[in-house]
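Trainee: For reference, the structure I am asking about is given below.
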Amino acid sequence: MSSLKPISPVRVTGAFSIALSPFLASRWIMNDSCPKQEDNGDDRLSNLPEHILLTIIDRLDIREAARTSVLSGRWRHLPAMLSRLVINVWDFLDAFNCNNDEIVRGNEAVVKVTKSILARRDLSRNAIQFLCMTFFLREDDPISIGHAVAHAMATQKVEIAEFIIFTERDDTHCDDDDLVNYGRQFMLFFGACSNAFGGLTRLNLENLRFGESDIPNILNICKRLNHLRLFNCDSGNSTMLQVEHTQLIELAIVDCSFERVELSSLPKLTRIIFEGWISFQDPLSFGYVPLLDVVSLTNVGLSWHKMVRLSKFLRDTISVRQLQLGFKSEKIWVQPECLTGRMASVFDQMRFVNLANIPEGYDLTWTLFILKAAPILKELYLSVWDHLCIMETDAKERKSLSYSEDKGAQWESSATDFQHHSLATLVIFGFQARDYMMNYVKRAMQISVNLKDVFLYDRLTCDKCYGKLPKPSEFPPKWQQGCVKEIITKRINSSAIIHFHTVANSRDDHLDKMWFL
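With the working numbering applied, the sequence shown closes on residue 538, and no number is skipped along the way.
This is how it looks when you write it as structure tokens:
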């Protein structure tokens with residue numbers, strides 16, 4: 022089976038409007054019936070201004086961009102002038118049969134293409150605005166890629182440079198020996214290509230066990246780094262990760278087995294994603310993070326876990342405006358609080374809150390404590406979803422791993438006797454015409470006196486959940502939506518408009534915010 026991806030049409034607007042793939046372009050260019058210019062015989066497409074042609078091929082993957090060089094003489098030099106170079110191993114793999122042989126072949130192709138493209142760069146012309154390399158950590162291939170990238174960085178300006186590095190085994194198949202082995206391979210790569218790492222602005226790593234000083238050394242060499250993502254990484258048992266960096270803007274630590282993460286000094290950090298921690302005793306602490314604006318916290322709450330008090334967890338942050346809390350369809354691990362004065366100061370600047378993957382069937386009243394604590398909150402998003410393919414559904418396994426069967430959280434109903442004057446939008450994915458949800462929407466509309474819109478969406482879906490049977494949907498069909506509106510708005514005074522939508526017809530901005538993009 023061919024590993025080529027379908028080519029999406031490329032559209033250039035402005036003085037010209039064109040939609041083509043390189044195959045269509047070649048047919049147009051090579052067609053004898055195509056009108057030719059009398060002076061040079063070139064086709065009309067090739068006579069477009071150079072920046073238009075570059076715009077066209079800039080939107081193709083690197084394989085298709087390279088193929089355009091054979092279309093005509095005018096196109097031959099264009100791939101060497103591209104300002105965006107995205108060389109992705111997955112473009113060379115058969116995604117339906119990704120075995121070890123495929124990985125070998127794909128990585129070899131990345132090495133060959135990287136050397137070819139970067140060696141042919143026209144150094145007198147365009148700088149590289151964006152260079153993204155995606156490859157597997159395997160044998161000497163990364164070192165070959167690193168040397169080619171380092172040479173490009175030494176000879177021309179590379180504004181944004183990113184490495185996305187995969188291991189041959191994914192996280193579900195990695196044991197301790199694999200983590201140690203991959204960690205050693207990466208550090209050998211890092212040591213051999215420090216010049217390339219010194220020019221990186223973005224780095225994505227997975228399935229690595231570092232030595233105690235490895236991560237500080239990486240951060241010290243990668244002085245331009247502004248984005249770092251660690252997935253399933255650690256430094257051995259019961260270790261603390263201390264992060265200091267002058268340029269880092271975004272940090273994601275996902276399913277990493279650090280006992281504690283300390284953000285000591287990150288003066289430019291604006292976004293932290295922290296998911297899957299192992300300790301509920303201060304797993305994350307904030308030092309000097311004066312610009313921190315976006316915080317995303319996600320974990321699976323087990324029966325023995327202590328509830329997290331956000332007033333304590335976020336007490337050293339003063340500028341957070343966007344907050345996401347993810348529950349992975351399991352126990353609510355946040356302790357609802359009645360906050361006043363200094364304890365509520367962590368919520369003072371919040372404009373947007375997203376509560377993701379709340380388990381189905383549990384009272385939602387507890388979420389209103391955030392409204393009470395965040396006086397200038399503008400948007401509140403909830404997704405209520407038993408996402409079966411990320412949940413442990415076997416009863417024996419749930420018991421042995423201490424999953425909680427009571428997943429809800431309680432907040433005294435008397436605490437909801439307040440008014441909120443800033444909330445403008447309430448969005449709920451996974452709305453069901455059940456009493457507990459309709460009562461929640463009613464209460465939120467009562468409290469939020471200036472609420473403008475309430476968007477109620479059907480349950481989210483997932484292709485990977487195919488074959489797993491979710492609970493029957495109770496999202497109201499069109500003929501029933503008027504009745505549901507009447508139930509929600511009965512005996513309350515609210516001018517908010519209630520909108521019902523299926524997920525298939527959802528607004529793009531709602532989906533982006535729900536996925537926290």
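Glycine is no exception: its CB is placed at the ideal position from the N, C-alpha and C atoms.
Distance check for Tyr457 and Tyr383, CA to CA, integer angstroms please.
Mentor: On the sequence shown, position 362 is the one that residue 383 refers to. On the sequence shown, position 436 is the one that residue 457 refers to. Near 8 Å, if we compare the C-alpha coordinates of Tyr457 and Tyr383.
Trainee: Leaving out the 5 sequence neighbours to the left and right, which residues in its chain are closer than 6 Å to Ile391 when beta-carbon positions are compared?
Mentor: As a first step, residue 391 is located in the sequence shown; it is residue number 370 there, counting from the start. Around Ile391: Val374.
Trainee: Hey, how far is the Cα of Val170 from the Cα of Val110?
Mentor: Taking the sequence shown and counting its residues from 1, the one referred to as residue 170 is at position 149. Taking the sequence shown and counting its residues from 1, the one referred to as residue 110 is at position 89. Roughly 16 Å between the two C-alpha positions.
Trainee: Rounded to the nearest angstrom, what separates Trp387 and Ala436 at their Cα positions?
Mentor: Here the question's residue 387 lines up with position 366 in the sequence shown. Here the question's residue 436 lines up with position 415 in the sequence shown. C-alpha separation (whole angstroms): 10 Å.
Trainee: Quick one: what's got a C-beta closer than 6 Å to Thr319's C-beta in the same chain, skipping five residues either side?
Mentor: As a first step, residue 319 is located in the sequence shown; it is residue number 298 there, counting from the start. Glu296, Gly347, listed in sequence order.
Trainee: Less than 7 Å between C-beta atoms, sequence neighbours within five positions excluded: which residues of the same chain meet that for Val132?
Mentor: Here residue 132 is taken as the residue at index 111 of the sequence shown, counted from 1. Asp162, Ser165, Ile166, listed in sequence order.
Trainee: Pull up the CB-CB distance for Val316 and Val341, whole angstroms please, since I reckon it's below 8 Å.
Mentor: Walking along the sequence shown from the start, residue 316 turns up at place 295. Walking along the sequence shown from the start, residue 341 turns up at place 320. Going by Cβ atoms, the distance from Val316 to Val341 rounds to 5 Å, so yes, they are a contact pair.
Trainee: Give the straight-line distance between the Cα atoms of Ile518 and Arg480, rounded to the nearest whole angstrom.
Mentor: Residue mapping note: residue 518 aligns to position 497 of the sequence shown, counting from 1. Residue mapping note: residue 480 aligns to position 459 of the sequence shown, counting from 1. The straight-line gap from Cα to Cα measures roughly 20 Å.
Trainee: For the beta strand (DSSP E) that Cys153 lies in, which residues bound it at each end?
Mentor: Start at 1 with the first residue of the sequence shown, and residue 153 comes out as number 132. Element bounds for Cys153: 149–157.
Trainee: Based on Cα-Cα distance, which residue from Asp303, Met328, Arg250 lies nearest to Ile337?
Mentor: Position 316 of the sequence shown, counted from the first residue, corresponds to residue 337. The amino acid occupying residue 337 in the given sequence is Asp; Ile does not appear at that position. Selected option, being the one with the closest Cα: Asp303.
Trainee: At the level of alpha carbons, what is the spacing between Leu335 and Ser278?
Mentor: Taking the first residue of the sequence shown as position 1, residue 335 is located at position 314. Taking the first residue of the sequence shown as position 1, residue 278 is located at position 257. Taking the straight line joining both Cα atoms gives about 21 Å.
Trainee: Ile379 bridges to which residues according to DSSP?
Mentor: In the sequence shown, counting from the first residue as 1, residue 379 sits at position 358. In DSSP, Ile379 forms a bridge with Val405.
Trainee: In whole angstroms, what is the alpha-carbon distance linking Cys214 and Val275?
Mentor: Start at 1 with the first residue of the sequence shown, and residue 214 comes out as number 193. Start at 1 with the first residue of the sequence shown, and residue 275 comes out as number 254. The alpha-carbon atoms of Cys214 and Val275 are separated by roughly 26 Å.
Trainee: So, at 6 Å on beta carbons, what are the nonlocal neighbours of Lys11 in its own chain, with the 5 sequence-adjacent residues on each side left out?
Mentor: Any property of residue 11 remains undetermined from this structure, which presents the chain solely from 22 to 538.
Trainee: Which stretch, first to last residue, makes up the beta strand (DSSP E) that contains Met261?
Mentor: On the sequence shown, position 240 is the one that residue 261 refers to. In this chain, the beta strand (DSSP E) harbouring Met261 covers 261–265.
Trainee: Does the stretch 182–196 come close enough to the stretch 230–244 to have 3 or more Cβ pairs within less than 8 Å?
Mentor: no
Trainee: Which of the three DSSP states is assigned to Phe450 in this structure?
Mentor: Here residue 450 is taken as the residue at index 429 of the sequence shown, counted from 1. Strand at Phe450.
Trainee: Might you give, ordered along the chain, the residues of its own chain that have their beta carbon closer than 8 Å to the beta carbon of Ser54, omitting 5 neighbours on each side?
Mentor: The sequence position of residue 54 within the sequence shown is 33, counting from 1. Low per-residue confidence applies at Ser54: pLDDT is 37, beneath 50, and the placement is therefore not dependable enough to give any value.
Trainee: Run the CB neighbour count on Ser421, radius 10 Å, all protein chains shown included, and call it buried at 16 or more, exposed below.
Mentor: Indexing the sequence shown from 1 puts residue 421 at position 400. Ser421 counts as exposed, since fewer than 16 other C-beta atoms from the protein chains shown sit within 10 angstroms of its C-beta.
Trainee: Please classify Asn253 as buried or exposed, where buried requires at least 16 neighbouring CB atoms within 10 angstroms.
Mentor: Here residue 253 corresponds to residue number 232 of the sequence shown, with the count starting at 1. Buried is the call here.
Trainee: Spatial neighbours of Met459 within its chain, please: C-beta separation below 6 Å, excluding the five flanking residues on both sides.
Mentor: Taking the sequence shown and counting its residues from 1, the one referred to as residue 459 is at position 438. Contacts found: Ile508, Ile509.
Trainee: Assuming contact is defined by CB atoms lying nearer than 7 Å, are Asn121 and Phe156 in contact in what I supplied?
Mentor: Translated into the one-based positions of the sequence shown, residue 121 becomes position 100. Translated into the one-based positions of the sequence shown, residue 156 becomes position 135. No, the Cβ-Cβ distance between Asn121 and Phe156 is not below 7 Å.
Trainee: Closest by CA to Cys359, which one among Tyr402, Asn258, Leu444, Ser332?
Mentor: On the sequence shown, position 338 is the one that residue 359 refers to. When only C-alpha atoms are compared, the closest one is Ser332.
Trainee: Within the continuous beta strand (DSSP E) that includes Val282, where are the two ends?
Mentor: As a working note, residue 282 is residue 261 in the sequence shown. Start and end: 281–286.
Trainee: Which word fits Gly541, buried or exposed, when buried means at least 16 other C-beta atoms lie within 10 angstroms of its C-beta?
Mentor: In this structure the chain extends from 22 to 538, so residue 541 is not present and cannot be described.
Trainee: Does Met51 come out as helix, strand or coil in the three-state DSSP assignment?
Mentor: By 1-based counting over the sequence shown, the position of residue 51 is 30. Here Met51 scores only 35 on pLDDT, less than 50, and its place in the model is too uncertain to base an answer on.
Trainee: Ends of the alpha helix (DSSP H) at Gly219?
Mentor: Walking along the sequence shown from the start, residue 219 turns up at place 198. Residues 215–219.
Trainee: Taking 6 Å as the limit between beta carbons, can you name the residues of its chain near Leu272, skipping five residues before and five after?
Mentor: In the sequence shown, residue 272 corresponds to position 251, counting from 1. Result list for Leu272: Leu249, Ile293, in chain order.
Trainee: Since Phe521 sits in a beta bridge, which residues does DSSP pair it with?
Mentor: Your numbering for residue 521 matches position 500 in the sequence shown. Answer is Leu477, bridged to Phe521.
Trainee: DSSP state of Ser165, grouped into three classes?
Mentor: Looking up residue 165 in the sequence shown gives position 144. Ser165 falls in the helix class under three-state DSSP.
Trainee: Judging by CA-CA distance, which residue of Leu139, His520, Ser494 is the nearest neighbour of Lys506?
Mentor: What you label residue 506 is simply residue 485 of the sequence shown in a count that begins at 1. Of the candidates Leu139, His520, Ser494, the one whose C-alpha sits nearest the C-alpha of Lys506 is His520.
Trainee: Roughly how many angstroms lie between the CA atoms of Ser469 and Ala454, to the nearest whole one?
Mentor: For this step, residue 469 is matched to residue 448 along the sequence shown. For this step, residue 454 is matched to residue 433 along the sequence shown. Computed Cα separation, rounded: 21 Å.
Trainee: Restricting to Cα atoms, I'd like to know which of Arg330, Ser425, Val475 is closest to Glu400.
Mentor: Taking the sequence shown and counting its residues from 1, one reaches residue 400 at position 379. Out of Arg330, Ser425, Val475, Val475 has the C-alpha closest to the C-alpha of Glu400.
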